[in-house]
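In order, the protein sequence lines correspond to chains A, B, C, D and E.
In the working numbering, each residue carries its 1-based index in the first sequence increased by 118.
In the working numbering, each residue carries its 1-based index in the second sequence increased by 897.
In the working numbering, each residue carries its 1-based index in the third sequence increased by 899.
In the working numbering, each residue carries its 1-based index in the fourth sequence increased by 20.
In the working numbering, each residue carries its 1-based index in the fifth sequence increased by 40.
What follows is a set of notes on a single structure, which appears directly below.
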Amino acid sequence: MPILSLITFLPVIGVFFILSMDSRRGELIRITTLLVSIVVFVLSLPLYFNFDPRGHEMQFVEKLPWIPSFGIHYHVGIDGISLFLILLTTFITPIAILASWHITKHLKEYMIAMLVLETGMIGVFISLDLFLFYVFWELMLIPMYLLIGIWGGPRRIYAAIKFFIYTMSGSVFMLLAIIALYFLNHRATGEYTFNLLEFYRLELSFAVQFWLFLAFAFAFAIKVPMFPFHTWLPDAHVEAPTAGSVILAGVLLKMGTYGFVRFCLPLFPAASHVFIPVVSWMAIVGIIYGALVSMVQDDLKKLVAYSSVSHLGFVMLGIFAFNIQGIEGGITQMINHGLSTGALFLVVGMLYERRHTRMIADFGGLTKRMPVFATLFLIVTLSSIGLPGLNGFVGEFLILLGAFKSRILYASIATSGIILAAVYMLWMFQRVMFHEIIHEENKTLKDINKREFAILLPLVLIIFWIGIYPNSFLRKMDASVNHLLKQAGGEVQTASHLQTQNVPVTPQIDIVSETETAW
Amino acid sequence: MTPASIMTFNILSILPILILSGFGMIVLFVDIFSSRRWREKNLLAYVSLLGVILAAIFARSSTGTTLFSFNETFTIDNYSLFFNFIFLLSTGLTILISHSYIRREEINHGEYYALILFSTIGMMLMAAGADLLNIYIGLEVMSVSIYILTGFKRSKLISNEASLKYFLLGAFATGFLLYGISLIYGSTGTINLKQVAGFIASKGGISDPVLLMGMGLIIVGLGFKVASVPFHTWVPDVYEGAPTAITAFMSVGPKAAGFAAFLRIFMTAFGSTHGEWQKIISILAILTMTTGNVIAIAQTNIKRMLAYSSIAHAGYLLIALVAANNIGVPGTLFYLLAYTFMNIGAFAIVIVLSRKGDECIQINDYAGLGFKHPFLAIAMTLFMLSMAGVPPMAGFVGKFYIFSAAIKSGYIGLAIIGVINSVISVYYYLRITVIMYMKEPAREFTPLTISPLIVAAIVISMVGTLHLGIFPSKVMEIAQQATLILK
Amino acid sequence: MITITHYLVLSAILFTVGVTGVLIRRNAIIIFMCIELMLNAVNLSFVACAHYLNSMQGQLFVFFTMTVAAAEAAVGLAIIVAVFRNKETVNIDDINIMKW
Amino acid sequence: MSEYLFYIVAVITVTTAVYLIFEKNPVFGALYLIQTMVSLAVLYILLEAQFVAAVQIIVYAGAIMVLFLFVIMLLNLDIKEEARNPLPFQRIPAILMGIALFTVICIVIRSKLLQGKQDQYTTAYVQSIGNTKLIGNLLFTDYLLPFEITSILLFVAAIGAIMLAKRKL
Amino acid sequence: MLNLVSLILLFPLIGSAINGLAGKRLRKETVGYLACGAVGLSFFVSILVFCGLLLLPPEERLFEKRLFSWIESGSFRSLAALQVDPLSTLMILTVSGVGFLIHIYSIGYMHHDKGYHRYFCYLNLFTFSMLLLVLSNNFLLMFIGWEAVGLCSYLLIGFWFEKKSASDAAKKAFVVNRIGDFGFALGIMLIFLNFHSIDFTEIFSAASHGNFETGNFAITMITLLLFMGATGKSAQIPLYTWLPDAMEGPTPVSALIHAATMVTAGVYMIARCNVLYTLSPFTMTVVASIGAATALFAASIGLVQNDIKRVLAYSTISQLGYMFLACGVGAFTAGVFHLMTHAFFKALLFLGSGSVIHALSGEQDMRKMGGLKSHIPTTYKTFLIGTIAIAGIPPFAGFFSKDEILLEALIRGNFIYWSIGAIAALLTAFYMFRLLFITFHGESRVDHHVMEHIHESPKNMTLPLTTLAGLSFAGGFVGIPGASAINHFLSPVFGGHGHAEISGAETAEHHGAGLPYLMMVISTAIAIAGIFLAYQMYVKKPGLPKRLAERFRFIHKLLLNKYYVDEIYDAVFVNQIKKISTQILWKGVDVRVIDGSVNGIARLVGGIGNIFRLLQTGYIRNYAFYIVIGCIFIVVLAVFGR
């Protein structure tokens, strides 16, 4: 059964269902969308159970010619790395849809956007053909852009455009790099293809790797977002509707880090090694910087958004540790961040729905009125802080351990991020949930209802699950990560000889031999 | 070639041209003899559409063959057929979107359709001409028809002005083109493209300044037609002033014809001396893209914005011309086809939304459209995103081919500037969607009367845009086949 | 001996004068006449080349150019007339509603 | 002899052309242009292009320029251009541009010309058959298509002239 | 019996879960009994485990119970496994035992509180975390417990979250602990890097088999980092500031934090890693110095505090300093011993003070107490016992342990350690009795309203008091010098080092056998001196303290304000960081620089567009001019550009 295609395109089929519905029948539309997304989730579960953790090869592969004249295929498959990101996507989407129950403005269009978004997101993670990947990569941009721009807050237009243009400006360079790879591959093998697995076999000169890495990394760094490219994130998060934020934080940001793992490292190992210091320092600055700026925010969503910058910094640090702990930690942390930050946005959204404000100063003392909510909020907060026993810790610890193994200094500085995490998160929690209630409006707040509980509970359960028994996740990715390390040149030590090489200051790219020019 | 040489003549090769000219006359006759009521019922449009369809059918029937007629001054090959198809498509779509527009603007005359058909003949001649004379005559037939069509709203000063500007500048630029042809003729002794190529081959490259200057002047003349900077200045004014349907037509048909001639001349005649002109064209490409995109950002009138966007697209196409390889040349064909769909689609929506006297063509007038007219808004979004180069729309695939071509031939800097430009372009294309979906309407929408013809045009454009975006393979293969002849 | 260069220089002079005229004149009709001058210059160049090349194509081209010029003249003058009807002027500096 | 003729005619041509671009009154402008065209016709004869020379006189100087004059009269335009010049800065650069263009062209055409294949239509050959006949021959063989297309062009021009200039449709 | 060990963890966890999830719907009694029962059962199992361990020969007293593999990644492996050995057994007995008593006490103390079930949920969770900490067999699992106690302290300190001070204190506790955890985490990583394992047994056997020479840099770094963790958790300089603030929680919580759980974790951890620490003399010096300094420093602050719980808090810090001093000089047994006795009497003192506070309807300021002796006799008596114990009067528990530490400090350390310890002991005796005198003796300064409600605490509160009083009295006998049961018991863990008797015997040869006894006398004398001084100042001449305070106003103020450490931290770190974050990073770098440049580019492009569109003048002549320029340009490029 072409299960990957099924889960990818089922939402699109759902779109057609919804299109046929009367836009006045809101409840029907909501339930249909939810059902579709749940079905997708259920269908994605066999991926986990039938996934063979022993092999690093792509599994559930489907390959059909798409644009044969260009060697472009509809080629999908997953390994232990993408597996969890797909599951995360299918898991987060129903939750996000459930969290959009209050949407009444243009509901039909909203739900369509959600479903198209899901297709785009899954597509990104399963594509093994770079052209296909790029198509999905851009495809998911549109619904997200609309979600922010139509259903967002007061500065939504600015945020939406910023989001779109930031991502676009990164990805066009990636497109060029993909095309360059295509021709390089042709020169090496004589075959025209966009097959990622074929590209893995390429042996590129350092100069070429250098530039291509830059192009790819630029696209991904914006998406992650890494430090100097992050400013779209707070705006996008603040303005996006709750579900938008959840998906943005839960899945979209992962595409950047996933891109590094899937493309930059195995395709350009030598360049990746050379860039370790750069990326690591960007990650570290992101960790500390995100945390510090997060600390002083007075808008809840902005705070969580900046905390994402910090968390994703950890992921990047782990990935560029170039050892198994770091990368496994990084992947785990991707999932963790999706869960806990997604949950935080949900929580903030619930507060926003009640009070129509996100200013921390407008809250205070909510625990008294909303004990259940407080408990769940606390768990989520703690997960975000990285409390041992909850999911965040597993990822962060492995990342730091991995980073520590490769560069002690980096890890030591980065570890201080966990202190800051506690500071900004707990301070926020304290200001929102503790103290006496000073605002009259807060005195009549209702605790969360069943739907909201149903939204948060699965997240919390998985937060505990990963925290207590992470091996059920780690085991599945072992083989893939090991293989990745092999492709990427293994532990960082093996790369030392690369750094002593004479790196040209501005490496020249030579894709085309003269004979190729004329046709 | 003796004076009494036997004329090689194949009726099949000029059949589409004959059909079109015949239908041009028929439309005029029908216009004279039909009653007002029939005219109201789109009769003229149907007749001309019939002509276009017939022409297309007969053009289709000669695919795969290469026919030289009139002693190799005129060729029907896959290349010209591909372009014929683009021209007929744009003509057909233009006819579809014209009807309600010209009725609203009270210029519903048979001459309108006849001129469109005649200008299509000019384009076909440009694409099929194997010597410079044919190309020149084709260019003139096309241009003169369009000068008239531009000024068709003769009671409107804006239309007169556009017409005058287009005419004066067009004639001026044609002067340069002609001068270029005369220099080429003087240098090589021939105006036949193949023979020019042969001359260059026999000399082992161009060293003759006269020939080089001729080539440069041809770039000027054709650059004017395809709206390349700095010969683009007529574009915004003329696009704004012309009847919107004609603007749509102008932005695809003549542009495609310009590129057809451009490619034919530079691939066939100057193909072996790629190095002589790639630098010039690449500078033009950079200037064209950048100017078009940057100024488009500052526009508030949608027709003007689309005009600058059309300039920018010409810039992308010039990249492919620079690359001039087996991806770039068919890529140009593909891109032009895609551009036909998306641009006419966009103008169709502009027509639907505008009022008599070309009101409501400020971008801000589209505020709140998104949920008031979801179909139109979705279609517009689709076209805008396609032009911005977002997958899975045709525009993306087109750009993909063009950048691939540039990279393949090693023009990485050009490709980088190209993608930066396409990021800039995202801004103004997105602005349309922003205004449609995210702004509150400034005023009530008066109910629109939408004729089925224009809906058909929009739907065809949408399907075309999506189909070319998702399944570009077939068309690209055909385009690749088509351009083999240019070698 | 009159060489082709003589003719070409003469043609170049005429062409340049025509171009300059287009650039500096403001009366649409005179501008149009300047364009005609450019075309004439080109024609001269064609005929001269044809003569020295012992070729006929140049003369043919000139024939077509003239035909085209006639057609253009008809259309162009019609346009000018149309403009004049609405604006009461043929001064192109007054004809710029559309800009920027 | 023909040398002197060339120089005389050339001077006349250039002079009238320059007069054209500096003449304020369009009527005189048109007349100067007619004179230019006639001079060119003389040159065509010098170049043994009798048919073209005839057409030049008949079509160009005769038909087209009369049309010009007709329109000038129709619109009653025999007045001077207004003194108001919104673009006073363009005059000098325009003339400089013209000179630059001319310089460039001159530099270019100083190079070796006529490297192309010499065709068969030598003076003797042409004279043996006749210029007009040869042109006619070519027009109805190789260049039949453009010839026919020009009919469409003229048709279009006719339609255009009517559409645009007719007072009432 | 040892297999039951996982039950020790399970009971409190279940108790916590039930109370947390369903406590709201349960009856108050059920909640209380459930919680107490859980810890009680846990205590009971601990005893069984203890017995089970005793049945084994001393060398084999090490038992591991593997539950499941927790985190595995490459060569890194962390099991969820429990380790039973004498040290952990001692700890679980103390923790569950004292914890049990505190639970019972809480039933009465918290009876009126609305968050009753929440409280017990946290309390059980706290016990669970601490038990996990001491039972874990590797560093990472220990780290879970380590952080979890931090979390529980956060929850409990901030239990009355509506009070700003409480929630502030809670946050402070967690954050300061996190700073320590930062070191601890780095320590774990460094351990893994050097030992390729994080299992205690593997690491310690590797370390003790001479793979690392003494003074090894890596080991020194590891131990220093771990010690950093310990300073956070066990409230040592410079990370002690959270502990006094932690008084904002309910009093039994303070008891739990100070006596049985949380703060002892640091000491436990260092004792657990004794093998590593002994390999690094430098770290040992650091530990001892910080311990000694803290002991003195905290004691000096304790002298002038007026909040009854605050005095006790500083006394805890001071006593913890002692324990570190002991560990730092290598006397791990003494440290652990003091940990245990301290658990008894500090729990007693806190619960006692809780009883006082309870009686006075929540009043904590000693200046508003006085003369309570007769009103709450049981509390008084037990409190007295506790005070004597902490002051170090024989034969109470505190005496033996403290005396041993001082002795070891002298023998293994140097005179300075000893003298600091002695001065601190003097101060301890003084301020504890000051507390006792001000609270229970002299004139009553209690409000009228409050006075009317004064009552002795209920049975379920006094019962733990008396039990703990008994333990405070008798608990020291397990460590009588010369026949120390605890030494024997712990010797498998501390092996060749940290064993008082062996080393004691060695040193005895140098210093003569009489030294221990001499020291006992001296320390007793010191304690008595302190008590006497307190008696003189607060009972005999109540005006004297005030005069002294005026005389040494600067010092008094300095002490009263706790050396302004909090203020300095605020000024130097907290405020600066906030300021930098807001002004420079957020509004500067983010908004100005990055967003500014991005928007600037956008504006620039738009601006260029607006300028360039002006070239589009609308004049045909201009357009023609552009064409000519372009033409010349192209021709020149084409002809001459080659």
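Even glycine gets a Cβ: it sits at the ideal position worked out from N, Cα and C.
Check: The alpha helix (DSSP H) enclosing G195 (chain A), as first and last residue numbers; Outcome: Taken as a continuous stretch (DSSP letters only), G195 (chain A) belongs to no alpha helix (DSSP H), being part of the beta strand (DSSP E) at 190–196.
Check: Distance, K1200 (chain B) Cα to I1248 (chain B) Cα; Outcome: 10 Å
Check: Identity of the residue in A:H174, A:V179, A:L146, A:F188 nearest K226 (chain A) by Cα; Outcome: A:L146
Check: Residue closest to S358 (chain E), alpha-carbon to alpha-carbon, out of E:S86, E:Q276, E:G306; Outcome: E:Q276
Check: Helix, strand or coil at N985 (chain C) according to DSSP, with G and I counted as helix; Outcome: helix
Check: Top-ranked residue by Cα proximity to F109 (chain D), from C:I928, C:V918, C:I923; Outcome: C:I923
Check: Endpoints, the alpha helix (DSSP H) within which V174 (chain E) is located; Outcome: 156–175
Check: Residue interval of the beta strand (DSSP E) (run including K105 (chain E)); Outcome: 103–113
Check: V133 (chain A) burial status per 10 Å Cβ neighbour count (16 or more: buried); Outcome: buried
Check: Assigned secondary structure, I185 (chain A) (DSSP; H/G/I helix, E/B strand, else coil); Outcome: strand
Check: Bounding residues of the alpha helix (DSSP H) (the contiguous stretch that carries I41 (chain D)); Outcome: 22–42
Check: Listed by chain order, chain E residues near V1191 (chain B) by CB distance under 8 Å; Outcome: V645, I648, G649, F652
Check: In DSSP terms, what S966 (chain B) is bridged to; Outcome: B:F971
Check: Same chain, Cβ closer than 7 Å to I1382 (chain B), five either side skipped, listed in chain order; Outcome: T963, D974, N975, Y976
Check: Same chain, Cβ closer than 8 Å to D153 (chain E), five either side skipped, listed in chain order; Outcome: Y159, P290
Check: M955 (chain C) classed as buried or exposed, judged by whether at least 16 other C-beta atoms fall within 10 angstroms; Outcome: buried
Check: For F178 (chain A), the three-state DSSP class (helix, strand or coil); Outcome: strand
Check: Delimiting residues of the beta strand (DSSP E) encompassing R117 (chain E); Outcome: 116–124
Check: Cβ of A956 (chain B) within 8 Å of any chain E Cβ; Outcome: no
Check: Own chain partners of K594 (chain A) with C-beta closer than 7 Å, once the 5 adjacent residues on each side are dropped; Outcome: F169, P171, G198, L201
Check: CB contact below 8 Å: F931 (chain C) versus chain B; Outcome: yes
Check: Amino acids of chain D, ordered along the chain, whose beta-carbon sits closer than 9 Å to that of M1110 (chain B); Outcome: V124, I125, V128, I129
Check: Alpha-carbon to alpha-carbon, M1373 (chain B) and L1363 (chain B); Outcome: 15 Å
Check: Distance, T499 (chain A) Cα to F547 (chain A) Cα; Outcome: 8 Å
Check: Beta-carbon neighbours of Q656 (chain E), restricted to chain C and to distances below 7 Å; Outcome: K998, W999
Check: Min CB distance I1183 (chain B) to chain E below 8 Å; Outcome: no
Check: Contact between the stretch 469–486 of chain E and the stretch 407–414 of chain E (3+ Cβ pairs under 8 Å); Outcome: yes
Check: Partners in chain E for W935 (chain B), counting only beta-carbon separations shorter than 8 Å; Outcome: Chain E residues near W935 (chain B): none, gap ~41 Å exceeds 8 Å.
Check: Short CB-CB distance (under 8 Å) between K564 (chain A) and chain E; Outcome: no
Check: C-beta neighbour in chain C for A678 (chain E), strict 8 Å; Outcome: no
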